[in-house]
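With positions in the sequence shown counted from 1, the corresponding number in my numbering is that position plus 118. We treat Cβ as the ideally placed atom computed from N, Cα and C, and that holds for glycine. To keep things clear, I will list the structure first and then write my remarks on it.
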Amino acid sequence: MIKSVLIGILCGAAVLTAGILIGHYGIDKSSDSAPTWVKDLSKDVDENLLEDLLSELDNKRIEENLRELTKVPHLATTAGDEQTVQLMLNRWRDPETGLDQAWREEYMVYLSFPDPDKPNKVTVVSPSNGVLHTVIEKEKAYTPDQENPAVVQPYACYSPAGQVQGKLVYANYGRASDYQDLSQRVPLKNTIAITKSGGTGRADKAIDAAPYGILGVLVYTDPSDINDGFMSDANETYPHSWYMPPSGVERGAYASTYGDLLTPYLAAKEETYRIPLKDITGIPPIPIQPIGFEDAYMLICELGGEAAPAKWQGGFNCTYNYGGPGFRPSSAFNNSDVKLDIFNYGEVKNSSNVMGVIRGAVEPDRYVIYGNHRDSWVHGAIDPSSGTSVMLELTRVLGKMVKQGKWRPRRSIIFGSWGAEEFGLIGSSEYTEQYFTKLSERTVAYINVDIAVQGNASLQAAGMPSLQNVIFKAAKQVKAPGLDSMSVYDKWIRYSNRTSPVYGLIPSLRYLTGAGSDYAPFVHYLGITSLDISYTFDRTKTSARIYPAYHTAYDTFDYSSKFIDPGFYTHQAVGKTAGSVLVRLADSLLLPMNCSDYAESLEASLDEALSQFENPLLAMNISMEPIKHAVASFRSASNHLEQVIRSSDLANETPLKLRTINDQLMLLDRAFLNPVTLGKFRHVIWAPIQITTRTFPGLSDAYAGAMSSGKASAWAQVHLLVSVMSQVIEGAAHMLRDVI
């Protein structure tokens, strides 16, 4: 019986194989009589059609998109946010320029808001509780935009409510090392710390403060970090320039993880299990509140105690002291406390993603995803609406070509307008958690265009090394804004470059090691090859860490059109560059991914790691030989696959061979996932990094921690990561070898 069944199966397989071969070779693909699907199977990206597509992208339409998107503040789940949901749906359902299908995905997510009836307050109070100074509660209005009643008060999202007061101390950036240094000089119990923005995660400023007995934290953006020292709104800052005005406050989510905090690893649907509020991790344990630098100036310049070191000084025209704790004896604030009255509250609310799709003609089950979040802290002209305005114009052009029957991509294209990103990448995270299996198995790549334009100097891109070639090709195809003789690629290589042992001088493609935008759940959770694209300012002319209106009420259409991109030609260039990458990933016969470039990146990381870690690790009986062997194995496997590709006439090969090679390329980054080491940050190669170094992030952080603590458990963690890293790299190498 079993023998008969086996013979039947083998015969059936032989007949199927013969049928495929006869169908493939027996039909003349060049013949007019060949079925359409046969011709489509071997069709590659149409360069002429791509040029036509890019020429249709209109800077004026992008400008009007941005004007429409920024009419009102659209904080996640507010009425303004719902207006943008309807705008996206109406555009993507347009009968002449819409997509094949558009819909909304709903999630019930835990968000944090300030109480509009009890505004958060920061005051300086005398020993008799008299109020000596009150921090400005709302930013100064320079245009009607800032007077809109929907402008949310500056607050630290996910800060707990509470009323605390104590003597003030200055803690630099509020890093763990800053608090450690400060504790050696000033008693910190029952104090309030004031810190500069940046330098560490927002939540960490409070999380790392609490063990020292600090009761609350203030955060401000120092003029030296954002304004090149400029402070006066009389003639130096907005509305006279792009610099942050004195009352400007950077809002933000104060959480160290991403996704809905109550439903980790689960999509936040109405019926989903939620953990107790007390079990939420990674948020501030003590009240924390952001303030403007004009108030920070008054507080810091009045502090007593000894002077902080030079590296702690900032842009104010006074000496930054540690604090006594508290203010200096000659200050009008002498012997006074700083008091925080914080009334934030948490609430589970409905948040929407808006999704759209263009179905693929040949491989509809292979997805290229293009995304950008929709919500903003206030008007969000740059973050995120510069990206949304570009995406709307790109979908208009693509949708029009589909509706007119001029084009349909080989693979399906999914567009995502993510909700509640500002609260911790929530919309994109819930989407990846809900469709974990489908996205893991079918997604070719993810393209993120969030802050599409924050300057007009140069392209800035970050992504997996395998996408280096396709972004370079796209950048060479697009003219730089205002420079007909120079491409986006030419400008990019001038501003940011590196020397490759293979290609020589090339633009520097940055690493996606952090969780700064919606690429994070795709990269770190699903292991999907990703790219983040934007245009930035000339960093040789300013020390600003990001555009100065970031997360303030001044990030408006007026600000963008006057100081960031007059004429919106840079937005247009980003749209063309991102559009070229998108179409190439969706239409190319062979996926435009280069595993040899990945090998080069791993080799560079290995060289850096060996120079930094090898000898100290050997002293602890930890060998890096396994990683050396794994990287060499990956290089050998990548060379082999590249040779297979070069020696194959893929347009005339069996479709199964092409599909096999494309799957090897598509699934390469999945091989770098490890589910047990870093929580949601499962991609071992591009895990978030705390130590600034161009080498394996998780390993370098573990090494730094072990060197600092000297604990056996910390060195065991280093050994574990060496083993994990060597095995995932070896596993990735096997993905590139002949299928067995």
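- Under the three-state reduction of DSSP, SER359 is assigned to coil, being neither helix nor strand.
- LEU193 is the residue among LEU193, ASN183 and TYR297 whose C-alpha sits nearest the C-alpha of ALA268.
- Counting of Cβ neighbours within 10 angstroms places ASN471 among the buried residues, the total reaching 16 or more.
- Straight-line measurement puts the Cα of ARG293 at about 6 angstroms from the Cα of THR318.
- Around GLY280, the same chain offers PRO405 and ILE460 as residues with beta carbons nearer than 6 angstroms, after the five sequence neighbours per side are excluded.
- Judged by DSSP secondary structure, PHE640 falls outside any alpha helix (DSSP H); it is assigned neither H nor E.
- Taking all protein chains shown into account, PRO232 has 16 or more neighbouring C-beta atoms within 10 Å of its C-beta and is therefore buried.
- The residue from VAL857, LYS236, ALA386 and ASN792 with its alpha-carbon nearest to that of VAL842 is ASN792.
- For GLN431, the secondary structure class from DSSP, reduced to helix, strand or coil, is coil.
- Proximity to GLU559 across LEU644, THR215, VAL520 and GLU771 peaks at LEU644, based on C-alpha coordinates.
- Listed in chain order, the non-local C-beta contacts of LEU510 below 7 angstroms within the same chain comprise ASN183 and ARG209, local neighbours out to five positions each way being set aside.
- Rounded to whole angstroms, ASN468 and TYR288 show a C-alpha spacing of 39 angstroms.
- Excluding residues up to 5 positions away in sequence, PRO744, ILE745 and ALA748 lie with their Cβ nearer than 6 angstroms to the Cβ of SER844 in the same chain.
- Take the alpha-carbon of ASN166 and the one of GLY216: they are about 23 angstroms apart.
- Short of 7 angstroms from the beta carbon of VAL620, and not among the five residues preceding or following it, lie these beta carbons of its own chain, in chain order: GLU718.
- If you draw a straight line from the Cα of LEU728 to the Cα of MET742, it is about 8 angstroms long.
- Across the structure, THR355 and TYR297 are spaced so that their CA atoms are roughly 32 angstroms apart.
- Under the 8 angstroms Cβ criterion, the stretch 196-207 does not count as touching the stretch 416-432, having fewer than three qualifying pairs.
- Where GLU465 is concerned, the enclosing beta strand (DSSP E) starts and stops at 463-476.
- Apart from the 5 residues on each side of it in sequence, PRO773 sits with its Cβ closer than 6 angstroms to the Cβ of LEU159 in its chain, given in chain order.
- Pairing LEU286 with GLY441 gives a Cβ-Cβ distance under 7 angstroms.
- GLN219 carries a strand assignment under DSSP once its states are collapsed to helix, strand and coil.
- The straight-line gap separating the alpha-carbon atoms of HIS758 and LEU854 is approximately 8 angstroms.
- An exposed status is given to PRO329, since fewer than 16 other beta-carbon atoms sit within 10 Å of its beta-carbon.
- By the 16-neighbour rule on beta-carbons within 10 angstroms, ILE740 is buried.
- For LYS457, the enclosing beta strand (DSSP E) starts and ends at 455-460.
- Segment contact: the stretch 347-364 against the stretch 668-683, three or more CB-CB distances shorter than 8 angstroms; contact assigned.
- Taking the C-beta atoms as reference points, VAL520 is found nearer than 7 angstroms to ILE476.
- Burial is judged here by how many other beta carbons sit within 10 angstroms of a residue's own beta carbon; VAL606 has at least 16 and is buried.
- Between VAL156 and SER706, the C-beta spacing is not below 7 angstroms.
- In the pairwise beta carbon analysis, the stretch 524-544 is classified as touching the stretch 481-495: at least three pairs are separated by under 8 angstroms.
- Counting along the chain, LYS239 sits inside the beta strand (DSSP E) bounded by residues 239-243.
- Burial is judged here by how many other beta carbons sit within 10 angstroms of a residue's own beta carbon; TRP610 has at least 16 and is buried.
- Distance from the CA atom of LEU785 to the CA atom of LEU333, rounded to whole angstroms, is 48 angstroms.
- In the DSSP annotation of this structure, the continuous segment of the beta strand (DSSP E) that includes GLN407 starts and ends at 406-408.
- Straight-line spacing of the CA atoms in ASN712 and LEU171 works out to 25 angstroms.
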